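One structure is given below, encoded as structure tokens.
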Amino acid sequence: MAKRHAEQYERRGETFSRILRRRLARRSFLKGAAATIPLLIVKPGRMVSSGQGVQSLAFQPVRLSAADAVLVPPGYSSQILIRWGDPLFPDAPEFNLLNQTASSQARQFGYNCDYVGYFPLPDHDSNNPTHGLLVVNHEFTSPELMFVRYSASAPTREQVDVELAAHGLSVVEVERTQAGEWKYHRDSFFNRRITGETEMLLTGPAAGHDLLKVSYDRTGTRVRGMLNNCAGGKTPWGTVLTCEENFNQYFANLNALPDSDRRKAMHARYGVPSGASERRWEQHHDRFDVGKEPNEPFRFGWVIEVDPYNPHFIPRKRTALGRFKHEAATVVVAPDGRVVVYSGDDERFEYIYKFVSRRPMNLTRRDANFGLLDEGTLYVAKFNDDGTGQWLPLQAGQGPLATWSQAEVLIYTRAAADVLGATKMDRPEDIEMNPITGKVYCVMTNNTRRGSSGQPGVNQANPRANNRHGHIIELTEDGGDPTSTTFRWEIFLLCGDPMVPGDQTFFAGFDPTLVSPISCPDNITFDGNGHLWIATDGMPGTFQKNDGLFAVPVEGEERGFVRQFLSGPVGAEICGPEFTPDYRTLFVAIQHPGEGSSLTAPTSTWPDGVIPPRPSVIAITTHNGLGAIGS
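Going by the working numbering, the letters in the sequence shown line up with residues 311 to 941, in that order.
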């Protein structure tokens, strides 16, 4: 099997060229307004013309639940595909709660799965819906649910090293059997683990800057590991973009720096703790102690590019995309061939960004695009109350950034956006483009501090004080061109329970008495008909019910008709909804089941009914496996 896959890997460049040439040739015949549709949206399956008619959602909604189980509508089945600790290689040990080591975890599926990306085999252009690679982020660890004996104030060195190995990313080959079930291949040529210790490169304008140099890397171009990788995205040349989010929690002792050291204020803006970290990794690894390695936090908070088809590819942290708490990196290709990447900064009162590459995508050489994201312009969004907006260039040497270098802009992106007067949002999370209409959907998970004393007040783009339920904005780039510097926007959803007085909900004008209550939207995706699918993170705190997955049409008579498709187990966040190219399988990550509890008193024993609860990826299909999900 390994030899066969290696040969397929070598052949895939020809397919890439052929497919994209065909797309360009077709596009050359487009006329008028249709020519303003983005060239390529990186999503599974094909683009469906809005003129072909849109099939309605037809599943029977599930209800809010507090059960320790995954619930799906009648006619659907969910299957556990892979769990935390499952071995990814023939020589990897089976999971054993009582015998965990860093070396074994580095060869097993990681913890707290978040982003899920499906890459078909034998290559990314094959559109194969039954055989491919799953790329899964492992955002963080919950040590109180991992180790039988754990002290939050004094973890052991072995426990810390296991946690480092449980972070990062997994690449695993998966296949749908003739019986209709999904399995993963333990002996695949492609399987890979990237951890918090894997060496990777820093590339782009900030690489080599003095702020990125540390004692074990005097060049500022190599870094050990990636941390807190949350959502991500796929490129049209078949690589994955994986995003570092809440990296600040791993570092400690900011107060060890004198107030005169400008790095102290820079780290404080990103939330680096003044004293001990919540994880206490600094007790065993000096690089997490800011007093000993003041520059180490600057080496995290980036978007990282990985080639899942090449297990020897060295991951690249692409500094041109800016440094902040990235949630998602959604890639589209503009009419002129340039690449655009949308991303949110997931914290209260932070910003929405997009990156536009300097040069167009190369259609003849796949590997020529591996540096495409190192050159271009990063923008931050300003929303006007009249429903218009601007993308403000984060360009050194111009206007308020006249005295900045571009490396400083990219390392200290939040401060640069502050200076430009961008709009502070309610926790910008996932940002995705509709594959049919080209409209961009921006998720604001929540912000209970909006309008409180000393905090920014409401505005039209963030219209609720104490916004505990979150909302979704629909953004239309002017001219239908994602490289445009102006846009129009409107509120699509104000989430909440319309039956609760005072929640001030809005469902794109649809009858609120008919919708499923929804709170704290997080990850989103689109199906082949352009319906929006929304995964949530936070409903236990608002509805006292489990998080779930919801679907909603964005066009037509049912625009705004939100229906719940899935309810997750106790304490779990629902992540990474991802369809296969035929839309007959939906992969969902179930992250941190039992969150807030411990192994001595767990609130969840999902998925196996025993301790420990294990974060897992599930595959959802119709009972007969023939129907598209949701239809």
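For every residue, glycine included, the Cβ atom is placed at its ideal position computed from N, Cα and C.
Here the structure is a predicted model, which means the values were calculated and not measured.
Below 8 Å, too few C-beta pairs join the region 593-608 and the region 496-509 to call them touching: fewer than three.
When C-beta atoms of the region 883-902 are compared with those of the region 840-849, three or more pairs fall below 8 Å, so the two segments count as touching. For residue 398, the three-state secondary structure derived from DSSP is coil. Beta-bridge pairing by DSSP links residue 864 to no other residue. Going by DSSP, residue 671 is part of no beta strand (DSSP E) at all; its letter is neither H nor E. Bridge pairing for residue 655: 636 [DSSP].
With fewer than 16 other Cβ atoms inside 10 Å of its own Cβ, residue 409 counts as exposed. Excluding residues up to 5 positions away in sequence, 656, 657, 658, 754, 755, 756, 757 lie with their Cβ nearer than 7 Å to the Cβ of residue 737 in the same chain. Classified as buried, residue 522 has 16 or more neighbouring CB atoms from the shown chains inside 10 Å of its CB. Beta bridge pairing from DSSP links residue 624 with no other residue. Contact annotation: residue 639 and residue 551 have beta-carbon atoms nearer than 8 Å. Per DSSP, residue 838 has no beta-bridge partner at all. In terms of CA proximity to residue 852, 828 leads the group 863, 828, 872. CA-CA distance, residue 492 to residue 389, rounds to 8 Å.
The closest CA to that of residue 732, considering only 598, 898, 769, is found on 769. Just so you know, the alpha carbons of residue 699 and residue 504 end up roughly 39 Å apart.
Per DSSP, residue 782 lies in no alpha helix (DSSP H) segment; the continuous beta strand (DSSP E) that holds it begins and ends at 781-787. The beta carbon of residue 808 lies closer than 6 Å to those of 815, 822 in the same chain, with the five residues before and after it left out.
Between the region 429-449 and the region 478-492, the count of C-beta pairs closer than 8 Å reaches three or more; the two stretches touch.
Here the C-alpha atom of residue 513 lies approximately 44 Å from the C-alpha atom of residue 932. DSSP places residue 746 outside both helix and strand once states are collapsed to three, so it counts as coil. Nearest C-alpha to residue 646 among 368, 793, 773: 793.
Residue 385 counts as exposed, since fewer than 16 other C-beta atoms from the protein chains shown sit within 10 angstroms of its C-beta.
The closest CA to that of residue 621, considering only 850, 399, 927, 880, is found on 399. Between the alpha carbons of residue 875 and residue 372 lies a distance of about 6 Å.
Residue 440 counts as buried, since no fewer than 16 other beta carbons sit within 10 angstroms of its beta carbon. Residue pairing by DSSP places residue 703 opposite 689 in a beta bridge.
With respect to the 8 Å criterion, residue 671 and residue 688 are not classified as neighbours on the basis of their beta carbons. Between the alpha carbons of residue 609 and residue 720 lies a gap of roughly 11 Å. Classified as exposed, residue 624 has fewer than 16 neighbouring CB atoms from the shown chains inside 10 Å of its CB. Residue 396 is not a Cβ neighbour of residue 365, given a cutoff of 8 Å. Apart from sequence neighbours up to five positions away, the residues of its chain that approach residue 705 with a beta-carbon distance below 7 Å are 687, 711, ordered along the chain.
By the Cβ rule, the region 774-787 counts as touching the region 795-812, because three or more pairs are nearer than 8 Å. Comparing C-alpha distances from residue 872 to each of 918, 782, 478, 908 shows the shortest one belongs to 782. Counting only runs of 3+ residues, the beta strand (DSSP E) found wholly inside the region 520-577 occupies 532-534, 539-544, 550-554, in chain order.
Straight-line spacing of the CA atoms in residue 878 and residue 477 works out to 22 Å.
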